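Enquirer:
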Ligand code: KIV
Ligand code: ZN
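See the structure below:
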């Protein structure tokens, strides 16, 4: 029988630590629900002691998610462990994840502790964690650069104190796949009690995180830690979608399986990119726009004759629907709702109605609405459900090589219309400045991207604006066949989100 591999997703913890990937509470909840649909075994929801916001999001994820274990990270100190447990205890399956560094360099310079002190701390803290929670993961940070026999001693101590999973991280992405294979094999065969889950957590500094994780499966690892799209500290973590499809596609080699519903992979990846505003590279394995595109004539000819000539996986396996059936302005709500359900989305009546409204607006301007357009509309509905303090009424932009760009933007707030004119370095700059003059808030544009959702002249443009507005970093999204309109909408969406957030903070403070 093939080995079941547990998938431990740390998108909301290690992933969220990476620059540009921070998410607010609502976005984290949305992501956690999608991870649950994806079928991950464990969601590491955050590092509760790190901030009140992190605590709150781990707590709410624990209360929301029903079919996954929810883990909270803690350093090997009582306060962290207590805080992590207080946040995950609402889960039907809570886990406290305790870690301490075990490499000489970390112990000497970071912890300023001797080996003996580390072992003592592990025994005490894991026992304390276990007194609160029956599911305890213990990680030896920088394990790949630690002394092997010391590592075995630390893990034996953790298991004796009650750890149920031991994690062997390649924290710096330094190890080769073969070295990590050897390390996992060595530890597994030297543990006094090997009847625990053996996990690995590999970083991608040298581009080896997925290869290393897969090598560890061969060595006997039963849990893999990873993130969607491989986001994470520095160069990121092992990408979930690559690990999972590696195991599935080469089941003959790994003799292992995961519980992931692979048809949810594409949508999970897209949702994360939408929420964070971090685009997916077109050549990204599994989820990039070109992952299943065959350009060269020889390849196309081969695939037409027999898909397997060049395709080792089917796009449908990861939820990329190649169905070219299109909807148009005459399609009704029924056809729209049917298509959504065929695409595998489960949405409330209310969300379908909101998405259908957007669909009708789009169908007036774009002849054929493809599955990709519908997916974009759906994620816009899911992520944008925020109070529309400001909405776009109209805009006019003049720009060119011989004039400076000027924008006139008219917004509506509480039924009242506000208009401003601004000049800028280009049309986007002018439009955003005009909006700034209307909303009168301290706003800084951090990043702005635009990309086509589909191909063709009437492709739907998806703009993402990341702004800092009065202390909140927020990501706004706008969709339109007109790229200037998409950009303006994304900026207004970001401002509405920031307003909603600052409103919440005020409400929280006044409630105390
Ligand atoms: O990279 C690492 O070592 C970690 C640990 C906390 C598991 O993220
Ligand atoms: Zn990490």
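Residue numbers (the numbering used here): -15 to 496.
Note that the Cβ used here is the ideal one computed from N, Cα and C, for glycine as well.
For clarity, every value in this text was computed on a predicted model and none was experimentally measured.
Kindly list the residues whose CB is nearer than 6 Å to the CB of residue 447, restricted to its own chain and excluding five residues on each side of it in sequence; keep chain order.
Expert: In the chain shown, the residue the question calls residue 447 occupies position 463. Taken in chain order, the residues that qualify are 434, 462, 470, 471, 474.
Enquirer: Would you say residue 224 touches the ligand KIV, meaning its beta carbon is less than 8 Å from a heavy atom?
Expert: For the purposes of this step, residue 224 is taken as residue 240 along the chain shown, with counting starting at 1. No, the Cβ of residue 224 stays beyond 8 Å of every heavy atom of the ligand KIV.
Enquirer: Could you check which residue in 35, 33, 15, 37 has the C-alpha nearest to that of residue 27?
Expert: In the chain shown, the residue the question calls residue 27 occupies position 43. Nearest C-alpha to residue 27: 15.
Enquirer: Near residue 220, which residues of its chain fall below 6 Å by C-beta distance, leaving aside the five closest residues on each side in sequence?
Expert: Taking the first residue of the chain shown as 1, we reach residue 220 at position 236. Taken in chain order, the residues that qualify are 188, 214.
Enquirer: Flag this pair as yes or no: are the beta carbons of residue 303 and residue 249 separated by less than 9 Å?
Expert: Along the chain shown, read from residue 1 onward, the residue named residue 303 stands at position 319. Along the chain shown, read from residue 1 onward, the residue named residue 249 stands at position 265. Yes, the Cβ-Cβ distance between residue 303 and residue 249 is below 9 Å.
Enquirer: Below 7 Å CB to CB, which residues in the same chain sit around residue 43 once its five sequence neighbours on both sides are set aside?
Expert: For the purposes of this step, residue 43 is taken as the residue at position 59 of the chain shown. Closer than 7 Å at Cβ, skipping near neighbours: 71, 74.
Enquirer: To the nearest angstrom, how far is the alpha carbon of residue 246 from that of residue 267?
Expert: Position 262 of the chain shown, counting from 1, holds the residue named residue 246. Position 283 of the chain shown, counting from 1, holds the residue named residue 267. One C-alpha to the other measures close to 19 Å.
Enquirer: Evaluate the contact criterion for the region 178 to 195 versus the region 143 to 161: three or more CB pairs, one atom per stretch, below 8 Å.
Expert: Counting Cβ pairs under 8 Å, three or more are found: they touch.
Enquirer: What separation, rounded to the nearest whole angstrom, lies between the Cα atoms of residue 444 and residue 291?
Expert: To locate residue 444, count along the chain shown from 1; it is residue 460. To locate residue 291, count along the chain shown from 1; it is residue 307. Approximately 29 Å between the Cα atoms of the pair.
Enquirer: At a cut-off of 8 Å, would you count residue 123 as near the ligand KIV, judging by its Cβ distance to the nearest heavy atom?
Expert: Sequence index remark: in the chain shown, residue 123 carries index 139 (1-based). Yes, Cβ of residue 123 sits closer than 8 Å to a heavy atom of the ligand KIV.
Enquirer: For residue 74, which beta-bridge partners are listed by DSSP?
Expert: Here residue 74 refers to the residue found at position 90 of the chain shown. In the DSSP output, where bridge partners are listed per residue, residue 74 has none listed.
Enquirer: Quick check: residue 102 and residue 86, are their CB atoms within less than 9 Å of each other?
Expert: Locating residue 102 in the chain shown gives position 118, counting from the first residue. Locating residue 86 in the chain shown gives position 102, counting from the first residue. The answer is yes: Cβ separation under 9 Å.
Enquirer: Let me know the alpha helix (DSSP H) ranges lying completely inside the region 29 to 73, each 4 residues or longer, listed in chain order.
Expert: Within the region 29 to 73, the complete alpha helix (DSSP H) runs of at least 4 residues are 36 to 48, 62 to 72.
Enquirer: Does the beta carbon of residue -6 fall short of 8 Å from some heavy atom of the ligand KIV?
Expert: For the purposes of this step, residue -6 is taken as residue 10 along the chain shown, with counting starting at 1. Within the cutoff, so yes.
Enquirer: Should the region 2 to 12 be regarded as contacting the region 228 to 238, the criterion being three or more beta carbon pairs within less than 8 Å?
Expert: Flag = no, the region 2 to 12 and the region 228 to 238 do not touch.
Enquirer: With a cut-off of 8 Å, do at least 3 Cβ pairs link the region 279 to 290 to the region 475 to 487?
Expert: No contact exists between the region 279 to 290 and the region 475 to 487.
Enquirer: Compute every distance between the C-beta of residue 355 and the non-hydrogen atoms of the ligand KIV, then say whether any falls below 8 Å.
Expert: Translated into the one-based positions of the chain shown, residue 355 becomes position 371. Every heavy atom of the ligand KIV is 8 Å or more from the Cβ of residue 355, so no.
Enquirer: Compute the minimum distance between the beta carbon of residue 385 and the heavy atoms of the ligand KIV, and state whether it is under 8 Å.
Expert: Numbered from 1 along the chain shown, position 401 holds the residue referred to as residue 385. Outside the cutoff, so no.
Enquirer: Can you tell me the Cα-Cα spacing of residue 390 and residue 457, whole angstroms?
Expert: By one-based count along the chain shown, residue 390 stands at place 406. By one-based count along the chain shown, residue 457 stands at place 473. If I take the Cα positions, the gap works out to 27 Å.
Enquirer: Check the C-beta distance from residue 428 over to residue 452 and give it rounded, since I have them as a contact under 8 Å.
Expert: Against the chain shown, residue 428 aligns to sequence position 444. Against the chain shown, residue 452 aligns to sequence position 468. At roughly 5 Å, the Cβ-Cβ gap stays under 8 Å, so residue 428 and residue 452 are in contact.
Enquirer: Can you list, in chain order, the residues of its chain with a C-beta nearer than 7 Å to that of residue 254? Leave out the 5 residues immediately preceding and following it.
Expert: Taking the chain shown and counting its residues from 1, the one referred to as residue 254 is at position 270. Closer than 7 Å at the Cβ level, and outside the excluded window around residue 254, lie 359, 363.
Enquirer: Unbroken alpha helix (DSSP H) runs of length 4 or more, entirely within the region 195 to 234: which are they?
Expert: For the region 195 to 234, whole alpha helix (DSSP H) runs of length 4 or above, ordered along the chain, are 224 to 233.
Enquirer: By Cβ distance, which residues of its chain are closer than 7 Å to residue 494, with the 5 residues on each side in sequence left out?
Expert: Numbered from its first residue, the chain shown carries residue 494 at position 510. Here residue 494 scores only 31 on pLDDT, less than 50, and its place in the model is too uncertain to base an answer on.
Enquirer: I need the boundaries of the alpha helix (DSSP H) containing residue 145, first residue and last residue.
Expert: As a working mapping, residue 145 is identified with position 161 in the chain shown. Residue 145 -> alpha helix (DSSP H) spans 132 to 145.
Enquirer: Check whether the Cβ of residue 169 sits closer than 8 Å to any heavy atom of the ligand KIV, and report yes or no.
Expert: In the chain shown, the residue the question calls residue 169 occupies position 185. For the ligand KIV, not one heavy atom lies less than 8 Å from the Cβ of residue 169.
Enquirer: Closer than 8 Å: is that where the CB of residue 398 sits relative to any heavy atom of the ligand ZN?
Expert: The sequence position of residue 398 within the chain shown is 414, counting from 1. False, no ligand heavy atom lies under 8 Å from that Cβ.
Enquirer: So residue 105 and residue 134 are supposed to be a Cβ contact under 8 Å. How far apart are they, rounded?
Expert: In the chain shown, counting from the first residue as 1, residue 105 sits at position 121. In the chain shown, counting from the first residue as 1, residue 134 sits at position 150. Going by Cβ atoms, the distance from residue 105 to residue 134 rounds to 14 Å, so no, they are not a contact pair.
Enquirer: Please name the residue in 144, 97, 479 whose C-alpha comes closest to that of residue 371.
Expert: Translated into the one-based positions of the chain shown, residue 371 becomes position 387. Cα-wise, what sits closest to residue 371 is 479.
Enquirer: When burial is assigned at 16 or more other CB atoms within 10 Å of the CB, is residue 207 buried or exposed?
Expert: Here the question's residue 207 lines up with position 223 in the chain shown. It counts as buried.
Enquirer: Give me the residue from 115, 243, 328 with the minimum Cα distance to residue -11.
Expert: On the chain shown, position 5 is the one that residue -11 refers to. The candidate whose alpha carbon is nearest that of residue -11 is 243.
Enquirer: For residue -14, which residues from the same chain have a beta carbon less than 6 Å from its beta carbon, with the 5 sequence-adjacent residues on both sides left out?
Expert: For the purposes of this step, residue -14 is taken as residue 2 along the chain shown, with counting starting at 1. If we look at residue -14 and ignore the five residues flanking it on each side, its Cβ neighbours are 239, 240, 241.
Enquirer: Residue 449: which of 269, 440, 468 sits nearest, CA to CA?
Expert: For the purposes of this step, residue 449 is identified with residue 465 of the chain shown, where counting begins at 1. The candidate whose alpha carbon is nearest that of residue 449 is 468.
Enquirer: Between 63, 54, 48, which lies nearest to residue 120 when the distance is taken from Cα to Cα?
Expert: Numbered from its first residue, the chain shown carries residue 120 at position 136. Residue 54 is the option with its Cα nearest to residue 120.
Enquirer: If you measure between the beta carbons of residue 168 and residue 200, is that distance less than 9 Å?
Expert: To locate residue 168, count along the chain shown from 1; it is residue 184. To locate residue 200, count along the chain shown from 1; it is residue 216. Yes, these two residues count as a Cβ contact at 9 Å.
Enquirer: Alpha carbon to alpha carbon, what distance is there between residue 163 and residue 132?
Expert: Locating residue 132 in the chain shown gives position 148, where the first residue counts as 1. Locating residue 163 in the chain shown gives position 179, where the first residue counts as 1. Looking at the two C-alpha atoms, the distance is approximately 12 Å.
Enquirer: I'd like to confirm something about residue 153: is its beta-carbon nearer than 8 Å to some heavy atom of the ligand ZN, or not?
Expert: For the purposes of this step, residue 153 is taken as the residue at position 169 of the chain shown. Yes, the Cβ of residue 153 comes within 8 Å of a heavy atom of the ligand ZN.
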